[in-house]
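A.B. asks: 1000 is the number of the first residue of the sequence shown in the working numbering; add one for each residue after it. Each residue gets a CB set at the ideal place from its N, CA and C atoms; glycine is no exception. Since this is a predicted model, take the numbers as computed values, not measurements.
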Amino acid sequence: MSEKVDKVKKRKRNTDGSSKPSKRVAIEGDKEIRISLPEADQWAPVIASTPGLAMPTSIPLQPYTKPRKNPPTGPGRTSVSKTELLLHSSAHQKLDYTAREEEAGGADTLLKHYVGVYDPETGKMEVMEARRMVVRGVVRAHKATADDEHSTRAPKHPWPNIGTKKARKAIASFTENAISPEKSAREANGKPRKLDSAAQAMISNIADATAGMASRDELAAAADAAKPRPKPNVSAEDIKDVYTTDSLIGDSIMAHIPVREWAATLKAKKEVVTNSRFVSHRVAKVATNVEKLKILRYMLLALEILRVSKPGKGRDNRSFLLPRRDELKTLIGDMPEAVLQSFTRKFSDSGAIGKFKFDLLVTHLCAMACLVDNYEVDVWDLKEDLRLEIKPMAQYFNEIGCRIANFPEGERKRMEMDKAAAAQRRIAKLKLPLNFPKAAFARARK
């Protein structure tokens, strides 16, 4: 007998690998919302805005109604369309508040506003027509009588129409803004003049308006913090702690600066030749100080990059375009890439050294020069390297807290320098307390 083999039909496999659930998830159906439009009586909700006002919520408003001049005719008329509402309050000490329907009779006459209240438990929503109103405030003292307004319009001087229009306007401005103590005392019979309601309202708001304003010292501190210069340790008790290699260069970067070749050259009694007057005149003096050698090597890197950079678009010679990456690598020699990247991140933006970054770089170089020269620097060599005049170079040292002095007479004689050349030199001294330039503020006009 032949055995019957039951053929089992296999299910096809999904080609896209996605599987859909065969069962549907039961979700709660949407509730029916029953909307009702109750007939509005004499009063309706109010939607009010207070442009330019901070109106207290505790002030009560007194309603006043009157029939509209041209009410709509036909079906669908409501109390909102037939009557006009005005809200008024004199509860405030110095201000009167008035709310009006400003759209009435204007371009938005046919525009209607509605307020709906929805109850999620019963599913009912009541919709009723509302009034759109705008609240204005006015100082009570500004309400003048007709006689006062007439006297205000009358000319106070016999020459109202003399001179050009611009001259008359200037005279009127000076007259309105003049502060005359003699006139005030004369009008008040020698007694202090009492302030009216408008002046009291203005003075009462001055304290609130100026509560968050910064003081003069705070503004000066903020201006100093925003200046392009290294951050000094103003609480330092020793001059060595004001600017450190960590704050100017960074200890991690200092560890990567190579000076072995310089040290070997100096040990062999040979001269280290560089393109910088400042570095060349000092490298032999600090041959045994590895930290100062590294500072000079970093300063040389900065000066070399400025030397080969192209001038930017600025007219003050304080903006530069950095050379290409391959040119920089050839320029730095055995200097690690990490040192170059640290320099470009700190003193350039998108391959350019702008005015702010240039000032930041020069002030850092001034602080490094103070560390090398034991906080008394002859600014001439650094001025020549940066191609600056003596006055702006001295100003850069002044920005980091240095005091600027003339070239010492004893040093001039020792160097056999004539008086004309010595008069062009300046000595920058960094000592406690630091002497920063004060922030300048505009003087008030008299």
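1) Over the uninterrupted beta strand (DSSP E) stretch that includes Thr1097, give me the two end residues.
2) Starting from the N-terminal side, write out each stretch of the alpha helix (DSSP H) that is 4 residues or longer and does not extend beyond the stretch 1251-1294.
3) Given a cut-off of 8 Å, decide if Ile1058 and Tyr1096 are closer than it, judged by their beta-carbon atoms.
4) Can you give me the Cβ contacts of Ala1093 inside the same chain, cut-off strictly under 7 Å, excluding the 5 residues immediately before and after it?
5) If you draw a straight line from the C-alpha of Glu1120 to the C-alpha of Ile1032, how long is it?
6) Looking at the strands, I want to know which residues DSSP matches up with Gly1115.
7) What is the residue span of the beta strand (DSSP E) that Arg1402 lies within?
8) Let me know the alpha helix (DSSP H) ranges lying completely inside the stretch 1327-1403, each 4 residues or longer, listed in chain order.
9) Do three or more CB pairs link the stretch 1383-1393 to the stretch 1242-1254 at distances below 8 Å?
10) Between Arg1444 and Cys1401, what straight-line distance do the alpha-carbon atoms span, to the nearest angstrom?
11) Whether or not the stretch 1322-1335 and the stretch 1360-1376 are in contact is what I'm after, with contact meaning three or more pairs of Cβ atoms, one per stretch, closer than 8 Å; do they touch?
12) Per the contact definition of three or more C-beta pairs closer than 8 Å, is the stretch 1421-1440 in contact with the stretch 1227-1245?
13) If the criterion is Cβ atoms closer than 8 Å, does the pair Gly1350 and Leu1320 meet it?
14) Taking Arg1424 and Ile1403 to be in contact with their CB atoms under 8 Å, please state how far apart those CB atoms are, rounded to whole angstroms.
15) Could you give the residue range of the beta strand (DSSP E) that holds Arg1425?
16) So for Glu1083, helix, strand or coil by DSSP?
17) Please report the residue range of the beta strand (DSSP E) in which Thr1072 lies.
18) Enumerate in chain order the residues of its own chain whose CB-to-CB distance from Lys1382 is below 8 Å, with the five nearest sequence positions on each side excluded.
19) Is DSSP giving Ser1318 helix, strand or coil here?
20) What is the rounded straight-line gap between the Cα of Ser1080 and the Cα of Ile1205?
21) Secondary structure at Leu1297, three-state DSSP: helix, strand or coil?
22) Would you check if the distance between the CB atom of Ile1202 and the CB atom of Thr1244 is smaller than 8 Å?
23) Just the Cα atoms here: how many angstroms apart are Lys1312 and Leu1364?
24) Leu1429 and Ile1238 look like a contact to me (Cβ under 8 Å); what is the Cβ gap, rounded to whole Å?
25) Please state if the CB of Pro1062 and the CB of Leu1036 are separated by a distance shorter than 8 Å.
26) Is the stretch 1299-1310 close to the stretch 1269-1282, with three or more CB pairs under 8 Å?
27) Buried or exposed, going by whether 16 or more other CB atoms sit within 10 Å of the CB of Ser1172?
28) How would you label Lys1268, buried or exposed, when you count the other beta carbons within 10 angstroms and need 16 or more for buried?
29) Could you tell me the alpha carbon to alpha carbon distance between Val1126 and Pro1044, rounded to whole angstroms?
30) In chain order, what residues of the same chain lie with their CB nearer than 8 Å to the CB of Lys1003, ignoring the 5 residues before and after it?
31) Where does Val1414 fall in DSSP's three states?
C.D. replies: Reading from the atomic positions:
1) Taking the first residue of the sequence shown as position 1, residue 1097 is located at position 98. From DSSP, the beta strand (DSSP E) with Thr1097 extends over Leu1094 to Arg1099.
2) 1259-1266 and 1276-1279
3) Position 97 of the sequence shown, counting from 1, holds the residue named residue 1096. Position 59 of the sequence shown, counting from 1, holds the residue named residue 1058. Yes, they are a contact pair.
4) Within the sequence shown, residue 1093 is the residue found at index 94, counting from 1. Position check: residue 1093 holds Lys in this sequence, whereas Ala was assumed. So the qualifying residues of the chain are Val1138, Arg1139, Ser1196, Gln1199 and Ala1200.
5) One-based indexing of the sequence shown puts residue 1120 at position 121. One-based indexing of the sequence shown puts residue 1032 at position 33. The alpha-carbon atoms of Glu1120 and Ile1032 are separated by roughly 10 Å.
6) Stepping through the sequence shown from its first residue, residue 1115 is reached at position 116. Answer is Val1126.
7) The residue labelled residue 1402 in the question sits at position 403 within the sequence shown. Residues Arg1402 to Asn1405.
8) 1336-1346, 1354-1371, 1379-1385 and 1389-1398
9) no
10) Against the sequence shown, residue 1444 aligns to sequence position 445. Against the sequence shown, residue 1401 aligns to sequence position 402. With a pLDDT of 49 at Arg1444, under the threshold of 50, the predicted position of this residue should be treated as unreliable, though the coordinate-derived value follows. Arg1444 and Cys1401: Cα-Cα distance of roughly 33 Å.
11) no
12) yes
13) What you label residue 1350 is simply residue 351 of the sequence shown in a count that begins at 1. What you label residue 1320 is simply residue 321 of the sequence shown in a count that begins at 1. Yes, the Cβ-Cβ distance between Gly1350 and Leu1320 is below 8 Å.
14) The residue you call residue 1424 lines up with position 425 of the sequence shown. The residue you call residue 1403 lines up with position 404 of the sequence shown. The pair is not a contact, with the Cβ atoms about 11 Å apart (cut-off 8 Å).
15) Taking the sequence shown and counting its residues from 1, the one referred to as residue 1425 is at position 426. Per DSSP, Arg1425 belongs to the beta strand (DSSP E) from Arg1425 to Lys1428.
16) As a working mapping, residue 1083 is identified with position 84 in the sequence shown. The answer is strand: DSSP assigns Glu1083 an E or B state.
17) Start at 1 with the first residue of the sequence shown, and residue 1072 comes out as number 73. Segment: none, Thr1072 is in no beta strand (DSSP E) and carries neither H nor E.
18) As a first step, residue 1382 is located in the sequence shown; it is residue number 383 there, counting from the start. Result list for Lys1382: Glu1388, Ile1389 and Met1392, in chain order.
19) As a first step, residue 1318 must be located in the sequence shown, where it is residue number 319. Reduced to three states, the DSSP call for Ser1318 is coil.
20) Walking along the sequence shown from the start, residue 1080 turns up at place 81. Walking along the sequence shown from the start, residue 1205 turns up at place 206. Straight-line Cα distance between these residues: approximately 43 Å.
21) Your numbering for residue 1297 matches position 298 in the sequence shown. It is Tyr, not Leu, that sits at residue 1297 in the sequence shown. Here Tyr1297 sits in helix by DSSP.
22) To locate residue 1202, count along the sequence shown from 1; it is residue 203. To locate residue 1244, count along the sequence shown from 1; it is residue 245. Against a cut-off of 8 Å, the Cβ pair of Thr1244 and Ile1202 comes out as no contact.
23) Locating residue 1312 in the sequence shown gives position 313, where the first residue counts as 1. Locating residue 1364 in the sequence shown gives position 365, where the first residue counts as 1. Near 23 Å, if we compare the C-alpha coordinates of Leu1364 and Lys1312.
24) Counting from one through the sequence shown, the residue named residue 1429 turns up at place 430. Counting from one through the sequence shown, the residue named residue 1238 turns up at place 239. Sure, about 6 Å apart at Cβ, within 8 Å.
25) The residue you call residue 1036 lines up with position 37 of the sequence shown. The residue you call residue 1062 lines up with position 63 of the sequence shown. Contact flag unset, no.
26) yes
27) The sequence position of residue 1172 within the sequence shown is 173, counting from 1. Exposed, by the Cβ-count rule.
28) Walking along the sequence shown from the start, residue 1268 turns up at place 269. That one is exposed.
29) On the sequence shown, position 127 is the one that residue 1126 refers to. On the sequence shown, position 45 is the one that residue 1044 refers to. If I take the Cα positions, the gap works out to 11 Å.
30) Here residue 1003 refers to the residue found at position 4 when the sequence shown is read from its first residue. Unreliable placement is indicated for Lys1003, whose pLDDT of 48 sits below 50; no coordinate value is reported for it.
31) By one-based count along the sequence shown, residue 1414 stands at place 415. Note on identity: in this sequence residue 1414 is Met, with Val being the wrong assignment. Met1414: coil per DSSP, three-state reduction.
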